[in-house]
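Here the structure comes first, spelled out in structure tokens, and everything after it is commentary.
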């Protein structure tokens with residue numbers, strides 16, 4: 001098997017892609033068009049009220065990105081536009097509703113056409129509204145499975161999940177399916193229907209309280225509920241919690257569908273394809289790079305000896321497409337961990353050294369023209385120590401300032417509010433990311449290793465579908481590719497969590 005055979009698998013095929021406006025979704029669309037321009041159709045489902053709005057979203061949020069420059073150069077502007085017009089079909093819909101919200105008159109014909117479904121739609125925020133995460137990540141997987149069963153010619157359902165559906169378990173984490181209702185917290189049972197009912201109950205109570213003059217927002221209540229329920233059942237955040245629910249629902253309802261679940265670890269910028277260092281926003285560990293650049297955090301949590309399991313986005317895309325080829329029309333389900341810790345571990349020390357080396361050469365220049373001094377942040381090996389330090393050094397002085405400000409009619413109120421927001425943001429950031437700073441598990445990649453050997457693709461032969469993390473030098477990649485990419489593309493989203 002070689003790259004030509006893999007690309008040939010998608011010739012004259014009709015593919016439905018959900019989540020095409022997302023980071024991995026864009027890369028998947030670009031890769032398919034680049035390696036197989038003879039694909040029959042790419043239906044791109046996006047949340048939009050009508051066809052015109054869907055088309056506009058695809059043009060501006062997908063095809064308009066510089067990610068597609070390689071494809072534009074390959075075909076020329078006129079050829080690129082012709083390719084897009086012939087192959088891309090925007091669909092207005094919603095993965096959080098049955099039949100993806102598509103019109104019944106269109107549904108039957110569409111289902112007849114589809115050969116492959118790549119279900120990548122997800123909300124990836126660790127601090128998302130619970131109702132939104134449930135609809136997109138959990139029910140979206142169920143509705144995707146129901147939709148797939150209506151496609152008589154379907155050869156493959158590729159479901160993009162996350163390796164961290166395993167939560168913060170320790171030891172070797174296997175490439176196996178999640179059992180319906182099995183919580184990560186011992187002695188607890190997860191009832192997904194009960195969680196959906198809880199959301200509706202809380203919303204009803206909110207509306208009643210709102211009419212009584214409550215100043216709490218529904219958005220805040222839903223975010224706090226999601227984080228609370230995730231921790232209650234043993235997951236560290238609402239994203240991994242609801243993605244785990246999605247896998248449970250898919251496992252329960254898939255029947256004999258040909259299903260492949262791709263579970264990447266922390267996804268970073270592209271390694272080399274279609275260009276090195278393409279990324280959107282600050283993702284997971286990238287918040288630390290942005291903070292390092294700003295010298296915003298004098299301290300954080302973690303241990304430089306620990307491993308950070310990350311994988312470049314183009315390797316995730318390559319593994320996804322190769323898995324679709326290998327298991328083409330194969331009944332049953334297989335799961336792949338796309339990870340690095342076993343074959344080419346990235347330690348906290350390597351990550352921190354790469355940041356130090358980069359900012360030593362490229363320091364941030366302040367408005368007054370002076371370079372911001374590069375300092376290594378102090379790492380606390382226990383979250384409790386970190387919290388105590390911040391309380392003593394930041395929170396207590398802030399509250400003293402607040403008290404003084406009240407005595408002087410709010411003289412320092414703006415200063416207090418600014419730094420209190422910064423303190424709260426830091427505490428939330430650490431609360432969300434600390435579980436990964438102290439992560440003690442490692443992901444089994446037996447299936448991925450077997451597939452790589454079967455298709456005989458690795459980084460040494462310059463394969464078009466390289467997903468061999470061993471071909472990487474982490475320090476060089478971070479120093480020359482990823483850190484500058486984060487600062488170029490991710491800085492404008494540095495405050496999001």
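Residue numbers (UniProt numbering): 1 to 497.
Cβ atoms here follow ideal geometry from the backbone N, Cα and C, with glycine treated the same way.
Check whether residue 262 and residue 323 have beta carbons under 8 angstroms apart: Residue mapping note: residue 262 aligns to position 262 of the chain shown, counting from 1. Residue mapping note: residue 323 aligns to position 323 of the chain shown, counting from 1. Yes.
Boundaries (first-last residue) of the beta strand (DSSP E) holding residue 336: Stepping through the chain shown from its first residue, residue 336 is reached at position 336. Here the beta strand (DSSP E) through residue 336 covers 332-338.
Euclidean distance between Cα positions of residue 12 and residue 260: Locating residue 12 in the chain shown gives position 12, counting from the first residue. Locating residue 260 in the chain shown gives position 260, counting from the first residue. Each residue's alpha carbon lies about 21 angstroms from the other.
CB contact flag (residue 479, residue 357, <8 angstroms): Taking the chain shown and counting its residues from 1, the one referred to as residue 479 is at position 479. Taking the chain shown and counting its residues from 1, the one referred to as residue 357 is at position 357. Taking 8 angstroms as the Cβ cut-off, residue 479 and residue 357 qualify as a contacting pair.
Endpoints, beta strand (DSSP E) assigned at residue 276: The sequence position of residue 276 within the chain shown is 276, counting from 1. Run containing residue 276: none; DSSP gives neither H nor E here.
Where residue 371 falls, given that 16 or more other Cβ within 10 Å makes a residue buried: On the chain shown, residue 371 is found 371 positions in, with the first residue counted as 1. Exposed, because fewer than 16 other Cβ atoms sit within 10 Å of the Cβ of residue 371.
Proximal residues to residue 15 (C-beta, below 6 angstroms), its chain only, five neighbours per side dropped: By 1-based counting over the chain shown, the position of residue 15 is 15. Hits under 6 angstroms: 42 and 116.
Rounded separation between residue 483 and residue 288 - CA only: Counting from one through the chain shown, the residue named residue 483 turns up at place 483. Counting from one through the chain shown, the residue named residue 288 turns up at place 288. Using only the alpha carbons, I get a separation of about 10 angstroms.
Whole-angstrom C-beta distance between residue 34 and residue 71, which should lie under 8 angstroms: For the purposes of this step, residue 71 is identified with residue 71 of the chain shown, where counting begins at 1. For the purposes of this step, residue 34 is identified with residue 34 of the chain shown, where counting begins at 1. Going by Cβ atoms, the distance from residue 71 to residue 34 rounds to 5 angstroms, so yes, they are a contact pair.
DSSP three-state assignment for residue 182, whether helix, strand or coil: Within the chain shown, residue 182 is the residue found at index 182, counting from 1. Three-state DSSP puts residue 182 in a strand.
In DSSP terms, what residue 312 is bridged to: Mapped onto the chain shown, residue 312 falls at position 312. Answer is 268.
The region 46-55 contacting the region 85-98, beta-carbon criterion three pairs below 8 angstroms: yes
Alpha carbon of residue 248 to alpha carbon of residue 337, nearest angstrom: Translated into the one-based positions of the chain shown, residue 248 becomes position 248. Translated into the one-based positions of the chain shown, residue 337 becomes position 337. Cα to Cα, the separation comes out at about 17 angstroms.
Own chain partners of residue 145 with C-beta closer than 6 angstroms, once the 5 adjacent residues on each side are dropped: Along the chain shown, read from residue 1 onward, the residue named residue 145 stands at position 145. So the list reads 250, 253 and 254, once near-sequence residues are dropped.
Spatial distance of residue 362 from residue 352 (CA atoms): Start at 1 with the first residue of the chain shown, and residue 362 comes out as number 362. Start at 1 with the first residue of the chain shown, and residue 352 comes out as number 352. Taking the straight line from one Cα to the other gives about 15 angstroms.
Simplified DSSP assignment, three categories, for residue 371: Here the question's residue 371 lines up with position 371 in the chain shown. Strand.
Local conformation of residue 151 per DSSP, three classes: Position 151 of the chain shown, counted from the first residue, corresponds to residue 151. Reduced to three states, the DSSP call for residue 151 is coil.
Which of helix, strand or coil DSSP assigns to residue 345: As a first step, residue 345 is located in the chain shown; it is residue number 345 there, counting from the start. In this structure, residue 345 counts as coil in the three-state DSSP scheme.
Residues near residue 190 in its chain [Cβ-Cβ closer than 6 angstroms; skip 5 each side]: Working through the chain shown from its first residue, we reach residue 190 at position 190. Closer than 6 angstroms at the Cβ level, and outside the excluded window around residue 190, lie 181, 183 and 233.
Own chain, CB closer than 8 angstroms to residue 59, minus 5 neighbours either side, in chain order: Taking the chain shown and counting its residues from 1, one reaches residue 59 at position 59. Excluding sequence neighbours, residue 59 sits near nothing in its chain.
Residue 132 versus residue 301 - alpha carbon distance: In the chain shown, counting from the first residue as 1, residue 132 sits at position 132. In the chain shown, counting from the first residue as 1, residue 301 sits at position 301. When rounded, the distance between both Cα atoms is 29 angstroms.
Cβ shell of residue 310 (< 7 angstroms), same chain only, five flanking positions each side left out: Numbered from 1 along the chain shown, position 310 holds the residue referred to as residue 310. Closer than 7 angstroms at the Cβ level, and outside the excluded window around residue 310, lie 265, 266, 268, 285, 340 and 346.
Close Cβ partners of residue 96 (< 7 angstroms) along its chain, the five nearest in sequence each way excluded: Against the chain shown, residue 96 aligns to sequence position 96. So the qualifying residues of the chain are 135, 136, 139 and 140.
Residue 124 to residue 153 span [Cα, whole Å]: Residue numbering aside, residue 124 sits at position 124 when the chain shown is read from its first letter. Residue numbering aside, residue 153 sits at position 153 when the chain shown is read from its first letter. Each residue's Cα considered, the two are about 31 angstroms apart.
Simplified DSSP state of residue 258, which is helix, strand or coil: As a working mapping, residue 258 is identified with position 258 in the chain shown. It is a strand residue.
Residue 418 versus 406, 402 and 210, residue with shortest Cα-Cα distance: The sequence position of residue 418 within the chain shown is 418, counting from 1. Here the closest residue by C-alpha is 402.
Collapsed DSSP secondary structure at residue 439 in the structure displayed: Indexing the chain shown from 1 puts residue 439 at position 439. Coil.
Distance CB(residue 386)-CB(residue 299) smaller than 8 angstroms: Counting from one through the chain shown, the residue named residue 386 turns up at place 386. Counting from one through the chain shown, the residue named residue 299 turns up at place 299. Yes, they are a contact pair.
Per DSSP, cross-strand counterpart(s) of residue 89: Translated into the one-based positions of the chain shown, residue 89 becomes position 89. Answer by DSSP bridge pairing, in chain order: 43.
Three-pair Cβ contact test at 8 angstroms for the region 466-476 versus the region 274-285: no
Cβ pair residue 155, residue 335 closer than 8 angstroms: For the purposes of this step, residue 155 is identified with residue 155 of the chain shown, where counting begins at 1. For the purposes of this step, residue 335 is identified with residue 335 of the chain shown, where counting begins at 1. Not closer than 8 angstroms, so no.
Where residue 95 sits in the DSSP three-state scheme: As a position in the chain shown, residue 95 is number 95, starting the count at 1. In the structure shown, residue 95 sits in coil (DSSP, three-state: anything other than H, G, I, E or B).
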